[in-house]
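J.: Can you read through this structure? Questions will come right after.
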Amino acid sequence: MDQLLEISKQHNATDLHICAGSRPLMRVNAKLEVIPGTSVLSAEEVAGIVGACLDPMHMDRLARNKVVDFSYSRSGFGRFRCNIYKQRGTYAIAVRMLPLKIPPFSSLGLPEEVLQFTKKTNGLVLMTGATGSGKSTTLASLLDIINQEYHYHILTIEDPVEYLHSHGKSLVTQREIGEDAVSFASALRSALRQDPDVIMVGEMRDQETISIALSAAETGHLVFSTLHTMGAVKTIDRVLDSFPTDQQNQIRSQLATVLQGIVSQVLLPRKDGNGLVAACEVMTATPAVRNLIREGKQYQISNIIQTGRDQGMCSLERSLAKLAAQGIVDEKIARIKALDVKLFEQYLALSKR
Numbered sequence: 268m269d270q271l272l273e274i275s276k277q278h279n280a281t282d283l284h285i286c287a288g289s290r291p292l293m294r295v296n297a298k299l300e301v302i303p304g305t306s307v308l309s310a311e312e313v314a315g316i317v318g319a320c321l322d323p324m325h326m327d328r329l330a331r332n333k334v335v336d337f338s339y340s341r342s343g344f345g346r347f348r349c350n351i352y353k354q355r356g357t358y359a360i361a362v363r364m365l366p367l368k369i370p371p372f373s374s375l376g377l378p379e380e381v382l383q384f385t386k387k388t389n390g391l392v393l394m395t396g397a398t399g400s401g402k403s404t405t406l407a408s409l410l411d412i413i414n415q416e417y418h419y420h421i422l423t424i425e426d427p428v429e430y431l432h433s434h435g436k437s438l439v440t441q442r443e444i445g446e447d448a449v450s451f452a453s454a455l456r457s458a459l460r461q462d463p464d465v466i467m468v469g470e471m472r473d474q475e476t477i478s479i480a481l482s483a484a485e486t487g488h489l490v491f492s493t494l495h496t497m498g499a500v501k502t503i504d505r506v507l508d509s510f511p512t513d514q515q516n517q518i519r520s521q522l523a524t525v526l527q528g529i530v531s532q533v534l535l536p537r538k539d540g541n542g543l544v545a546a547c548e549v550m551t552a553t554p555a556v557r558n559l560i561r562e563g564k565q566y567q568i569s570n571i572i573q574t575g576r577d578q579g580m581c582s583l584e585r586s587l588a589k590l591a592a593q594g595i596v597d598e599k600i601a602r603i604k605a606l607d608v609k610l611f612e613q614y615l616a617l618s619k620r
């Protein structure tokens, strides 16, 4: 396992895949490549790697659930987020490479508008996007800024813990599901008795977790979390749809009150082949946005984002067009990622003038 990880890191890969009946693969610049010098792995070889990676607790969880998430690290070498799962009766492993150090915000290529959320003292900030879109990295970078600038207690709840935070001006405590807590909901409920100023919930997976997160934001905590949605409108819809119809008006009012903003991001391969770059949509919860949420007219929020640059907003299409116009990403790929292709074309034409 360590040899495969070392080769993957040497090639600046973001992911490693190990599967019976296949040669090991690594993802470089968003494309899967065979790891050179390797041969096809048997089911027994993959099972041996699994056995070497897991402690008894995680092995038991894998046996019961047929899937397990865990973090894997080697001092001075690297830290990795791993998922082992069953497929066709054998094991498969997916590994995400994590930097040993939290990347500084300036290295992420995100617009400065995102930084405004580190200055909030309460409310809910949602980071959204598909799996592998860099949500965890962006959140870690924002939390690190808070850690270095404020005397807070920052509490993270993750499955698994990805980036390790050192104590700065803030005290940072990190709880891992399965290791330090039973579930996101139970950890978040107990967090309210642990005197946090900032809470980061790795993922809002269910109605109970969302409900407690809203209550935490409502009672004076700054809460960060993630959802696998793209765009502010779909994110708000997802939160509301997590609840029964007879509760949605109450949740709509609560969300309109506590929401501070939504950042939705995508990763695109750089045109020069040198890694990935992020583009994002930033929505801030202005009075107009809050009113639209209360009135059930969140579908109109996209229009506010397009015209809300002076209020700290940024549309995904403007972000993509800027990257394409600067030659950082391919226009065709940027166009595919756009939520509104016509709007992207308009921004692209303006950017080229």
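In the working numbering, the protein residues as written are 268 to 620. No residue lacks a Cβ here, since even glycine has one placed at the ideal position from N, Cα and C.
Indicate whether T493 and S403 have their beta-carbon atoms separated by less than 9 Å.
T.: Walking along the sequence shown from the start, residue 493 turns up at place 226. Walking along the sequence shown from the start, residue 403 turns up at place 136. Contact flag set, yes.
J.: Does the beta-carbon of R363 have 16 or more other beta-carbons within 10 angstroms, so that it is buried, or is it exposed?
T.: Taking the sequence shown and counting its residues from 1, one reaches residue 363 at position 96. That one is buried.
J.: Mind checking E548: buried by the 16 CB within 10 Å criterion, or exposed?
T.: Position 281 of the sequence shown, counted from the first residue, corresponds to residue 548. Per the 10 Å Cβ criterion, buried.
J.: Let me check one thing: in DSSP terms, what residues is K353 bridge-paired to?
T.: Counted from its first residue, the sequence shown places residue 353 at position 86. Bridge partners of K353: Y358.
J.: If contact is defined by three or more beta carbon pairs under 8 Å, each pair taking one atom from either stretch, is the segment 389-407 in contact with the segment 519-533?
T.: yes
J.: For A314, tell me which candidate among L329, V301 and E300 has the shortest Cα-Cα distance.
T.: As a first step, residue 314 is located in the sequence shown; it is residue number 47 there, counting from the start. Residue L329 is the option with its Cα nearest to A314.
J.: Taking Cβ positions, are V596 and K538 nearer each other than 9 Å?
T.: Indexing the sequence shown from 1 puts residue 596 at position 329. Indexing the sequence shown from 1 puts residue 538 at position 271. Yes, they are a contact pair.
J.: On the three-state DSSP scale, how would you describe Y339?
T.: The residue given as residue 339 occupies position 72 in the sequence shown. Reduced to three states, the DSSP call for Y339 is strand.
J.: Start and end of the beta strand (DSSP E) containing L367?
T.: If you number the sequence shown from 1, residue 367 lands on position 100. That residue, L367, is in no beta strand (DSSP E); it is neither H nor E in DSSP.
J.: Can you look up A546 in the DSSP assignment and give me helix, strand or coil?
T.: The residue you call residue 546 lines up with position 279 of the sequence shown. A546 falls in the strand class under three-state DSSP.
J.: Could you pull out every unbroken alpha helix (DSSP H) segment of at least 4 residues lying fully inside the segment 415-463, listed in chain order?
T.: 451-458
J.: Which residue marks the beginning of the beta strand (DSSP E) containing F623, and which one marks its end?
T.: Nothing about residue 623 can be read from this structure; the chain reaches only from 268 to 620.
J.: Thinking C-beta only, is E584 closer than 9 Å to A605?
T.: For the purposes of this step, residue 605 is identified with residue 338 of the sequence shown, where counting begins at 1. For the purposes of this step, residue 584 is identified with residue 317 of the sequence shown, where counting begins at 1. Cβ distance < 9 Å, so A605 and E584 count as in contact.
J.: Out of curiosity, what's the CA-to-CA distance linking P291 and A297?
T.: Counting from one through the sequence shown, the residue named residue 291 turns up at place 24. Counting from one through the sequence shown, the residue named residue 297 turns up at place 30. Rounded to the nearest angstrom, the two C-alpha atoms are 16 Å apart.
J.: Where does A499 land, buried or exposed, given buried means 16+ other C-beta within 10 angstroms?
T.: Along the sequence shown, read from residue 1 onward, the residue named residue 499 stands at position 232. That one is buried.
J.: Would DSSP call S531 helix, strand or coil?
T.: For the purposes of this step, residue 531 is taken as residue 264 along the sequence shown, with counting starting at 1. If DSSP states are grouped into helix, strand and coil, S531 belongs with the strands.
J.: List the DSSP bridge partners of T395.
T.: Indexing the sequence shown from 1 puts residue 395 at position 128. Under DSSP, the beta-bridge partners assigned to T395 are L494 and S531.
J.: Taking the straight line between their C-alpha atoms, what separation do you get for T512 and Q521?
T.: One-based indexing of the sequence shown puts residue 512 at position 245. One-based indexing of the sequence shown puts residue 521 at position 254. Taking the straight line joining both Cα atoms gives about 15 Å.
J.: For F347, which beta-bridge partners are listed by DSSP?
T.: Here residue 347 corresponds to residue number 80 of the sequence shown, with the count starting at 1. F347 is bridged to Y339 and M364.
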